[in-house]
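Novice: Let me begin by handing over the structure; questions about it come next.
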Amino acid sequence: MADERSTDDATEPKRTKRILLVDDDAEIIEAMRFALESKGFQILVARDGNQGLAMAERENPDLVILDMMMPKRSGFLVLEKLRRSREVPMRIIMITANEGSRHKVYAEMLGVDDYIRKPFAMDRLVDSVERLMA
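When we follow our numbering, the leftmost residue of the sequence shown carries the number 923, and every step to the right adds one.
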């Protein structure tokens, strides 16, 4: 039986974009949550790499903000797994306190959409999210 729902974007209600935050630092999570919820995004939170990977696969968020260094599974391993396991790539921003340029090169090689070094201005993150969600 054919789906009779209209595919016209003008007639469908706009779905709230969902963002998964994956970071083990509670203060950073809360700062990002506050900034992004104030822009109308729905926020999901994972506190380590394993939880982040499971939530990304289960919840299928529109964007993942992923810390590079976390317990249980690094952001690189999560990024690599998400890139290998999905037909349609998920938008991913990697955040890190690491200063090394080789980490940025590796993240870009794995297909990260943006790479932001901590500490960062929250406006920088919000601008990146809005650009990737447009």
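Backbone N, C-alpha and C define an ideal beta-carbon position, used for all residues, glycine too.
Measuring straight from C-alpha to C-alpha, what distance separates Lys939 and Arg1013?
Specialist: 12 Å
Novice: Which residue marks the beginning of the beta strand (DSSP E) containing Arg1072, and which one marks its end?
Specialist: In the structure as shown, the chain begins at 923 and stops at 1056. Residue 1072 is therefore absent and cannot be evaluated.
Novice: Relative to the alpha-carbon of Ile1038, which residue among Glu1052, Met1016, Val1027 and Met1031 has its alpha-carbon at the smallest distance?
Specialist: Met1016
Novice: What three-state label does DSSP hand Asp1035 in the structure shown?
Specialist: coil
Novice: Suppose you measure from the CA of Val1000 to the CA of Leu975; what does that come to, to the nearest Å?
Specialist: 6 Å
Novice: How is the beta strand (DSSP E) around Met1012 delimited, first residue to last?
Specialist: Per DSSP, Met1012 belongs to no beta strand (DSSP E) and is neither H nor E.
Novice: Tell me which residue opens and which closes the alpha helix (DSSP H) that Ala957 is part of.
Specialist: Element bounds for Ala957: Ala948 to Glu959.
Novice: Name, in chain order, the residues that DSSP records as bridge partners for Gln964.
Specialist: Arg940
Novice: In or out: Phe963 buried (at least 16 other Cβ within 10 Å) or exposed?
Specialist: With 16 or more neighbouring CB atoms inside 10 Å of its own CB, Phe963 falls in the buried class.
Novice: Out of Gln973, Glu1030, Ser960 and Ala1043, which one is the CA nearest neighbour of Pro993?
Specialist: The candidate whose alpha carbon is nearest that of Pro993 is Gln973.
Novice: Considering just the uninterrupted stretch of the alpha helix (DSSP H) at Leu989, what are its terminal residues?
Specialist: Residue 989 is actually Asp in this sequence, not Leu. No alpha helix (DSSP H) contains Asp989, which is instead part of the beta strand (DSSP E) from Leu985 to Asp989.
Novice: Please work out which residues of its chain come closer than 8 Å, Cβ to Cβ, to Thr929, disregarding the five sequence neighbours upstream and downstream, and give them in chain order.
Specialist: Bear in mind that a pLDDT of 49 at Thr929, under 50, signals an unreliable position, so the model cannot answer this.
Novice: Nearest-angstrom Cα distance between Ala957 and Val1048?
Specialist: Rounded to the nearest angstrom, the two C-alpha atoms are 7 Å apart.
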